[in-house]
Amino acid sequence: MSDNLILLWLFWELTSISSFLLIGYWSHQSDARKGARMALTVTGAGGLALLAGLLLLGDMAGSFNMSEVLGSSEAILADSRYPLMLGLVLLGAFTKSAQFPFHFGYPMPWRRPPLFQPTCTLPPW
3 MSDNLILLWL FWELTSISSF LLIGYWSHQS DARKGARMAL TVTGAGGLAL LAGLLLLGDM
63 AGSFNMSEVL GSSEAILADS RYPLMLGLVL LGAFTKSAQF PFHFGYPMPW RRPPLFQPTC
123 TLPPW
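Numbering (this note's numbering), first residue to last: 3 to 127.
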């Protein structure tokens, strides 16, 4: 595991690209393309918010190493930018995990098989 907040963000954003490719796999279907674009837009915007929050956090802590950030919690809590940083980080996390109210883009593209597919077509008598 990396100790660097920027590397954490970079690999966090790779999941956005993976989601885009998985949702848009059936690219010949318009709803798959639309859903993939919607998911990439929502998670991309959230990723930018997360990056801004992590940059603020690193600036407040004086380092981007998690061990040093965790060690300077008093300085972070005393900083006047703490609520903004916390809001940006939470916004990024909520969009990535499709929490309310950022869940609107995810149900649209998912297709699943029916819950029950009978395998026996013989009458029950």
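No residue lacks a Cβ here, since even glycine has one placed at the ideal position from N, Cα and C.
Can you grab the Cα-Cα spacing for the pair residue i / residue j, in whole Å?
i: P115; j: L79; result: Annotation note: pLDDT 49 at P115 (below 50); position unreliable, coordinate value reported separately. For P115 and L79, the distance between alpha carbons rounds to 49 Å.
i: P85; j: G37; result: 32 Å
i: S4; j: E70; result: 13 Å
i: A77; j: L12; result: 26 Å
i: S75; j: S99; result: 26 Å
i: D33; j: S20; result: 18 Å
i: M68; j: N6; result: 6 Å
i: L23; j: H30; result: 13 Å
i: W28; j: L92; result: 32 Å
Can you find the residues in the same chain that come closer than 7 Å, C-beta to C-beta, to residue i, ignoring five residues on each side of it along the sequence?
i: T97; result: V44, T45, A47, G48, F104
i: G94; result: G48, G49, A51, L52, G55
i: I25; result: A34, G37, A38, A41, P111
i: L10; result: S4
Classify residue i as buried or exposed, calling it buried when 16 or more other Cβ atoms lie within 10 Å of its own Cβ.
i: E15; result: buried
i: I8; result: exposed
i: A18; result: It should be noted that the sequence gives Ser, not Ala, for residue 18. It is buried - the Cβ of S18 has at least 16 other Cβ atoms within 10 Å.
Spatial neighbours of residue i within its chain, please: CB distance less than 8 Å, with the 5 preceding and 5 following residues excluded, ordered by chain position.
i: L58; result: R83, L86, M87, L90
i: L72; result: none
Among the residues of its own chain, which have a CB less than 6 Å from the CB of residue i, if the five just before and after it don't count?
i: F66; result: N6, L7, I8, G60
Contact between the region 58-66 and the region 74-88 (3+ Cβ pairs under 8 Å): yes
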